[in-house]
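Contents: one structure, followed by commentary.
Residue numbers (this note's numbering), protein chains in the order written: chain A, 4 to 254; chain B, 37 to 429; chain C, 518 to 963; chain D, 20 to 367.
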């Protein structure tokens, strides 16, 4: 069953057509990779999922519900979480506080004037946050300021923050960009583990073919604003259209 | 040590309460133990605590908070004029009206962030000031300020037959009654108005502490450090900032109401943007984002304004009279630029120093000194997160 | 409805019970007949003047005068106007034998700050009298405070009708003149100088003082046959008056009245002169400018622009009566330049207060107030003067001045054109512009 | 018609004052990324350069004239400025008379120095700090500067008259066939307007046509890249700060005959010019100029009694008190980044 259904999405900026008739469907419980050369429209597409951009035409449905016109926090509340290219965390807060915030957001919704209860006494949130710290192996770092973490740990923290919300769909925007090989492998392991344990659907935008082929169960290839191929990983590798797109149609 | 105190709520609260209640005794040796200044310490403490809930937690720098203080004062004085000299209805109205007013201004201003937000609040406050100073004179009594008169109705208090203005009171306890005791050559003054304000300050401090420690407070801190992430975590930041804005507006209203309670006059100048700038100075000087800092900063600036500004050349000469004449004159000549009527200069310099060297405010400075005295060289600056970053949109 | 009534009743009875309980003995200050009764060998006066803000220079001049007055009261210096004062109670031995001490404070020309400063003088320093100030808003605010606290307020420079009009207080006294008196003094001179058939255009500072000044001068000149063409309110914060001055010439008016004070006055006058209004001819007459309230210190800021422009002032150092001469001499010798009208009124107020204490033989505000009420005196620079009992306003001659054409020094900015006698400027206490409000009863505090 | 023409003239004049200050403010913000609350103080220092020059020119010898007396009855001390002794009555008086234009020459090196010291001594350390810190430290600096000026020059305004030839006003009405005195405008204000236009054009030309300006503009767009090219951007930015200080200072010099300099004139202008910059769009030079003139003209029109009357009918009396703020609020709500602002500037 497909959890995210993208149909005939078009988006242009001025004269530039960034997306043309994009169709995509992400199956529940799978890791779906979206790849493509620079400027293919990957980020534009992702931004259409999360409410940052609104497509000119077409539909984006999540669990049968249209995401168009919704604000970022509303989309998140329906169960879509996002991991950014550079980790977006609360750098002035401690690691533990970072994880608590999504727990509160999950429990209390998009706004709650919870001004008189004490954070200390929110036992359910603490249980959840402790659990998440364990899950991403960061329990020993929970009192550090988030800004003092290494890049890999920041990514890990961001992942933990997303998972703390128990999302149905996790969007990852180049989760290994700029990482050292070892960190990349750690991230792959982390994602694979999450997939195994929680069966969360993921849509990954990625450059690194190593990552894509280690994780993805399905791949969509985007070129010049359209999806040229959508298939299983093994079929993508030698696909002529894909090679053409990446090599710029070198004849 | 101060950091430790900051984290141990019960101890902090107890210590704070004791210090505030003992104010008339503790401050008398510094020449600040008289009711008016003590009341001001409390009132501006409340104002700064409230401002800190907005600026210290969310990072939104408002340059128009004095407007809410002014509105609170006007409402309270009107209550004194129309209903009763009892302070409770006046305070309730002050807080409610300031809350409504801040809801309106906040709703519009918070559509923008960064300097755009600052300028919007500044514009609203300047408009309020201009209107209060001239156009709205029937309500505000313009330049002179809204005052009580003998022929105000005061429905609940009944007819005034004494021929003199009634005093504000808390169910009969008049705000301006003072008990004086001679003690070690000082006169200790215990004033009802001060203790009323002190109780309000303690309550306000307690409430602020609860907000700091609540999930709501955590969300506000999150807004300051990364609003974008918070949006993608399913949190709608607008109502949070608006709530913080309104809460701090109500604090300002309470402070304004208390000002009217201790001195039933409301002047338009207290709404001017420089008055808003003053609360910014207080908060930063003491330490934005900390619990104690704003109270400290408020006390510091009010002490400067009321005590430092009274040091004139005569006083200076009497201090340095032990020195040879030429040297005495030289020192007095140099100092006279910085004290007395030059107190603004000293304040400006001090403020610059704090912003440049002590981003955590005087509180950070104090904890440095305490650490240094205890021989602990480790800096505590990592504990105080950078308090001054502006929110992202 | 009934619910509301009962709640109201409860609140009300609460208040009554409270009033019954009020003032348990601990809350009354120990054994003083009135606020800050001086117990030792000294008595403290509080001088509350603007030391920061736009009127700081006037404040500084007031402070000089206060210091001089204290020196004279304590027997120092040459005695100044104490020698010419018609009342001979002051002996140079302080007040009632107590040496005079003083404390100073900064009003910042804000009612809040002024009240805070005055309160600290009363509560901390034990002042029995507060004096000074350079604007009406501050004077009225501090006067109200002194009434509540039970000390005497001797107003400094305050020109608004309200100070001794609708905001008058039993503990407050004003020696300075007011907008109504300015208008009454100016109108006949203007009529004599510029004729009956004139059309006036008013620019008015948009706040209480401006309004009352405008109303007074418009009424007084209209009574002489002038027409008021237009009255434009200018925001207090205006620094560039060009857009207000520009339309004046084309409005058919041939007189411009600037109801401005301080920085506003300097800037609007400068604008008016820049537009060349004074060289123009309208309706076949020379265009003229009038500034109802002049201050020499402020006029200096406008430089040559004030030449030939009429206005009024409370006092000027070039007066040649014995009192003025004595004052100018002792002030000039001490500080090196002549005193301003603000300095004069503050000096006089201090002497008047001291004298009233001597005559009442007490510092009790009620005794002092009684001694001041209806007090007639002379020799303090303004000729025969009376503190009217009904509103605590001094009545005396008013000076009509104009900007001097050929000043000999930087202090020589104004010249006295006419001294309008007291009878012409006097008004009834229930005059429409002074109605509302009442003195109330004097409050000794404590 | 004549009234409208008059207010347009007024608005242009006011607008040029706003635009000049806002231009410097934007220049500093655009190049250095610093929000300079002390910019108004630079304007004030410029005006006080005139006062200082005037004082220097009036340093005098003192002779005693026994035939006249001063206010105390002592023989009058007559002061003769050295300048008159040296150059004779005519030339000496002329120099004193022209002290305002002369002060331009006097002010340029002073303002460059002040700008240099400010940038190297203080602002430099705040490039990497949050905007709120910059606002606060420069706010503190503004207080300090104005208090220093007050300590030396006092609180009262000091008259600084324009040269004799520029007094009086020019009759536009007659020029275009209207009645006499219908549309008159003071000469000095015309000079001020022309001067402002010249300076604004000069700054734009400088940025547009010189290599220095090109580098600075590139730096405004993308500081890091330009830095990577091996160009010493910092040094150029210091010079830029000096130029911005100069623009503000010269505005102050030329404005001094219109408003007698006083210590708080900087703060008076600061709030307004910040509103202008924000309305124009932070970091946009044309925006600052456009907003300056727009707000100047709007303010002038709001002062007309006809306009006031109209607003009074819809319960907005004394519209001139609040017009600027009202317009600022509306513009910021309708156009979030001001009239010509770029996205992403000054929002974090």
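C-beta atoms are modelled at their ideal positions from N, C-alpha and C, and glycine is treated no differently.
Span of the beta strand (DSSP E), counted from its first residue to its last, around residue i
i: residue 564 of chain C; result: 559-566
i: residue 618 of chain C; result: 616-623
i: residue 191 of chain B; result: From DSSP, residue 191 of chain B is part of no beta strand (DSSP E); its letter is neither H nor E.
i: residue 302 of chain A; result: No answer is possible for residue 302 of chain A: it lies beyond the span of chain A, which begins at 4 and ends at 254.
Sub-9 Å separation of residue i and residue j beta-carbons
i: residue 133 of chain B; j: residue 107 of chain B; result: yes
i: residue 322 of chain B; j: residue 336 of chain B; result: yes
i: residue 82 of chain A; j: residue 170 of chain A; result: yes
i: residue 188 of chain D; j: residue 793 of chain C; result: yes
i: residue 489 of chain C; j: residue 908 of chain C; result: This structure cannot speak to residue 489 of chain C, because chain C is shown only from 518 to 963.
i: residue 104 of chain B; j: residue 288 of chain B; result: yes
i: residue 692 of chain C; j: residue 879 of chain C; result: no
i: residue 652 of chain C; j: residue 621 of chain C; result: no
i: residue 130 of chain D; j: residue 209 of chain D; result: no
i: residue 219 of chain A; j: residue 207 of chain A; result: yes
i: residue 260 of chain D; j: residue 142 of chain D; result: yes
Residue i at chain D interface by Cβ criterion, 9 Å
i: residue 383 of chain B; result: yes
i: residue 882 of chain C; result: no
i: residue 26 of chain B; result: Residue numbering for chain B in the displayed model covers 37 to 429; residue 26 of chain B lies beyond these limits and cannot be assessed.
i: residue 569 of chain C; result: yes
i: residue 334 of chain B; result: no
Cutoff 9 Å: residue i Cβ touching any chain B Cβ
i: residue 286 of chain D; result: yes
i: residue 121 of chain A; result: yes
i: residue 166 of chain A; result: no
i: residue 104 of chain A; result: yes
For residue j and residue i, believed in contact at Cβ under 8 Å, the rounded distance
i: residue 694 of chain C; j: residue 831 of chain C; result: 5 Å
i: residue 94 of chain B; j: residue 266 of chain B; result: That belief does not hold up - the Cβ atoms of residue 94 of chain B and residue 266 of chain B are roughly 11 Å apart, past 8 Å.
i: residue 158 of chain B; j: residue 309 of chain B; result: 6 Å
i: residue 200 of chain D; j: residue 797 of chain C; result: 6 Å
Below-9 Å beta-carbon distance, residue i vs any chain C residue
i: residue 117 of chain B; result: no
i: residue 340 of chain D; result: yes
i: residue 319 of chain D; result: yes
i: residue 101 of chain B; result: no
i: residue 283 of chain D; result: yes
i: residue 379 of chain B; result: yes
i: residue 179 of chain D; result: yes
i: residue 208 of chain D; result: yes
i: residue 132 of chain B; result: no
Host alpha helix (DSSP H) of residue i (start-end)
i: residue 85 of chain B; result: 71-94
i: residue 385 of chain B; result: 379-393
C-beta neighbour in chain A for residue i, strict 9 Å
i: residue 60 of chain B; result: no
i: residue 250 of chain B; result: yes
Below 8 Å, can you find three or more Cβ-Cβ pairs linking the segment 225-235 of chain B to the segment 291-308 of chain B?
yes
Is the segment 269-281 of chain B in contact with the segment 143-158 of chain B, if contact means three or more CB pairs nearer than 8 Å?
yes
Is the number of C-beta pairs between the segment 346-359 of chain B and the segment 189-209 of chain B that are closer than 8 Å three or more?
no
contact_flag[the segment 629-637 of chain C, the segment 588-604 of chain C] where n(CB pairs < 8 Å) is 3 or more
no
Examine the Cβ distances between the segment 148-158 of chain A and the segment 76-92 of chain A and report whether three or more of them are shorter than 8 Å.
yes
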